[in-house]
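Heads up: the sequence shown is residues 126 to 515, going by our numbering. Glycine included, C-beta positions come from ideal geometry on N, C-alpha and C. To start, the structure under review is shown below, and the notes come after it.
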Amino acid sequence: YVNRPHLDFRGYCGTLEAGILRPGQRVKVLPSGKASTVARIVTFDGDLEVAYPGQAITVTLDDEIDISRGDWLVAEDAEVPLADAFEADIVWMHDTALEPGRLYDLKLATRDLAGKITRIDYQTDVNTLEHHAAERLALNAIGRCRVEVAGTLPVDDYRVSPGTGSFIVIDRMTNVTVGAGMVHRMLESEPPYEYRTHDSKAEVVWNRSSVTPEMRAHIKGHAGKCIWFTGLSGSGKSTLANALEVELNRRGYHTMLLDGDNIRHGLCKDLAMSEADRTENIRRVGEIAKLFADAGIIVITAFISPFRSDRAAARELFADGDFIEVHVDTPLAICEQRDPKGLYEKARQGKIKDFTGINSPYEVPEKAEVQVNTDTMTQEAIIAKLMKVL
Numbered sequence: 126y127v128n129r130p131h132l133d134f135r136g137y138c139g140t141l142e143a144g145i146l147r148p149g150q151r152v153k154v155l156p157s158g159k160a161s162t163v164a165r166i167v168t169f170d171g172d173l174e175v176a177y178p179g180q181a182i183t184v185t186l187d188d189e190i191d192i193s194r195g196d197w198l199v200a201e202d203a204e205v206p207l208a209d210a211f212e213a214d215i216v217w218m219h220d221t222a223l224e225p226g227r228l229y230d231l232k233l234a235t236r237d238l239a240g241k242i243t244r245i246d247y248q249t250d251v252n253t254l255e256h257h258a259a260e261r262l263a264l265n266a267i268g269r270c271r272v273e274v275a276g277t278l279p280v281d282d283y284r285v286s287p288g289t290g291s292f293i294v295i296d297r298m299t300n301v302t303v304g305a306g307m308v309h310r311m312l313e314s315e316p317p318y319e320y321r322t323h324d325s326k327a328e329v330v331w332n333r334s335s336v337t338p339e340m341r342a343h344i345k346g347h348a349g350k351c352i353w354f355t356g357l358s359g360s361g362k363s364t365l366a367n368a369l370e371v372e373l374n375r376r377g378y379h380t381m382l383l384d385g386d387n388i389r390h391g392l393c394k395d396l397a398m399s400e401a402d403r404t405e406n407i408r409r410v411g412e413i414a415k416l417f418a419d420a421g422i423i424v425i426t427a428f429i430s431p432f433r434s435d436r437a438a439a440r441e442l443f444a445d446g447d448f449i450e451v452h453v454d455t456p457l458a459i460c461e462q463r464d465p466k467g468l469y470e471k472a473r474q475g476k477i478k479d480f481t482g483i484n485s486p487y488e489v490p491e492k493a494e495v496q497v498n499t500d501t502m503t504q505e506a507i508i509a510k511l512m513k514v515l
């Protein structure tokens with residue numbers, strides 16, 4: 126705590142975690158690295174000539190330098206590492222398991238900042254002390270983890286200095302302490318955003334946002350999802366997608382409809398209808414759908430998306446349960462009979478090449494979450510079925 130009771134006094138309040146401190150000693154501030162000399166060691170009972178570990182003290186310096194809550198004062202010649210990533214042993218203390226990649230609040234000493242566990246190297250069996258692979262840590266589990274934080278901070282090895290080598294993990298939504306950690310060693314981490322060159326190609330490293338999809342969903346009152354309509358031209362995809370969005374909107378859900386024709390007017394207007402261009406079209410749509418879903422929006426897509434591999438690639442962008450594939454399984458004869466845009470007739474005449482269902486294949490979904498047929502089912506029945514699934 127920075128103590129400014131009046132203009133003539135600036136003190137820095139804290140607990141001495143290690144070492145012995147005396148007036149006249151040279152110290153530096155971390156993480157800034159600025160140095161000064163201890164002028165006084167102030168307590169409620171008067172100034173001290175020496176302070177020992179565990180004492181709560183207020184330190185004044187000869188120089189007015191910028192020091193904030195969470196900064197450390199250490200001996201000027203002390204070699205304390207600064208890091209934005211470290212390896213730690215974490216004890217999990219909550220019924221909801223630790224999820225790698227999820228953003229948490231971390232508190233190390235008096236420094237609060239956002240961070241995430243990027244990987245669990247292994248889980249320790251408390252009975253045999255054997256190490257086992259783990260994708261998450263359940264209640265009372267202990268694991269060696271890799272941690273990244275949103276900023277550079279001084280960190281000690283817990284075995285050297287427990288007070289400055291330990292931290293707690295806090296759930297950002299509930300503010301509940303869910304874990305405790307002990308720093309093992311520092312790690313080199315990638316910058317949050319950079320371009321790197323590899324094999325003559327530029328790589329872009331993902332910029333991690335401090336606001337999580339869970340936080341956005343909390344504001345909206347529901348999580349984001351993707352409902353992916355697939356089927357032949359004329360099967361009724363766009364009509365159903367529009368009707369579903371109307372129903373969801375009527376019930377107060379935040380939605381966004383991505384229609385194949387509309388996307389071709391803007392985002393994908395540079396693409397033709399070859400197999401490669403169709404794959405790229407669906408790839409772009411999948412990425413856009415993921416962004417909308419991360420924003421807490423229920424995104425509805427209506428695309429022929431004829432190839433299983435393209436639909437599978439879109440599905441892989443989402444967590445389990447967040448991608449719902451709806452196969453509009455209306456027979457080709459019915460779709461061709463409807464032919465709302467006259468495309469089937471042109472394809473039969475050879476005026477359109479690579480038209481799905483005529484001279485280009487449609488790969489039927491093997492494990493779609495929902496299958497409907499607009500020839501045998503009413504729109505109301507289909508929407509009711511979809512709402513039940515949702």
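Measuring CB to CB, does alanine 181 end up less than 8 Å from valine 272? no
Along the chain, where does the alpha helix (DSSP H) that runs through serine 363 open and close? 362-375
Here's the rule I'm using: 16 or more other beta-carbon atoms within 10 Å means buried, otherwise exposed. How should phenylalanine 428 be labelled? buried
Any alpha helix (DSSP H) of 4 or more consecutive residues that is wholly inside the segment 378-418: 385-390
So, with DSSP's three-state summary, where would you put leucine 444? The sequence shown places alanine at residue 444, not leucine. Correct three-state label for alanine 444: coil.
Contact between the segment 165-178 and the segment 242-255 is defined here as three or more beta-carbon pairs at a separation below 8 Å; is this criterion met? no
Pair within 8 Å by beta-carbon distance, aspartate 155 and proline 338: The identity of residue 155 in the sequence shown is leucine, whereas the question assumes aspartate. Against a cut-off of 8 Å, the Cβ pair of proline 338 and leucine 155 comes out as no contact.
So, does the segment 438-446 touch the segment 411-419, judging by three or more C-beta pairs under 8 Å? yes
CB-CB under 7 Å to alanine 222, same chain, minus the five flanking residues each way: which ones, in chain order? Arg261, Leu262, Ala263
First and last residue of the uninterrupted beta strand (DSSP E) at methionine 340: No beta strand (DSSP E) contains methionine 340, which is instead part of the alpha helix (DSSP H) from 338-345.
Is aspartate 435 helix, strand or coil by DSSP? helix
Quick check on the burial criterion: 16 or more other C-beta atoms within 10 angstroms. Buried or exposed for aspartate 281? buried
Does DSSP classify glycine 108 as helix, strand or coil? No answer is possible for residue 108: it lies beyond the span of the chain, which begins at 126 and ends at 515.
Work out the CA separation of glycine 356 and glutamate 505 for me, nearest whole Å. 19 Å
Residues bridged to isoleucine 459 [DSSP beta-bridge criterion]: Partner(s): none; isoleucine 459 has no beta bridge.
How big is the Cα-Cα spacing for glycine 276 and lysine 345? 29 Å
Would threonine 380 be called buried (16 or more neighbouring beta carbons within 10 Å of its own) or exposed? buried
Cα-Cα, which of Arg135, Tyr126, Ser193, Ala200 is closest to isoleucine 145? Ala200
Enumerate, from N- to C-terminal direction, the unbroken beta strand (DSSP E) stretches of 3 or more residues contained entirely within the segment 149-227. 151-155, 160-167, 181-186, 197-200, 207-217
Is it true that the CB of threonine 185 sits closer than 8 Å to the CB of glycine 139? no
Whose C-beta lies closer than 6 Å to the C-beta of alanine 234 among residues of the same chain, with five residues either side of it excluded? Thr289
Look at cysteine 119 and alanine 305 and say whether their C-beta atoms are less than 8 Å apart. Residue 119 falls outside the range modelled here, since the chain spans only 126 to 515, and no answer is possible.
Beta-carbon proximity of serine 430 to isoleucine 459, cut-off 8 Å: no
Taking 8 Å as the cut-off, decide whether the C-beta atoms of threonine 426 and phenylalanine 354 are in contact. yes
Counting beta carbon pairs with one atom in the segment 414-423 and one in the segment 380-397, are three or more of them shorter than 8 Å? yes
At which residues does the beta strand (DSSP E) containing isoleucine 425 begin and terminate? 423-427
Assuming lysine 232 and isoleucine 295 are in contact, meaning their beta carbons sit under 8 Å apart, how far apart are those beta carbons, in whole angstroms? 7 Å
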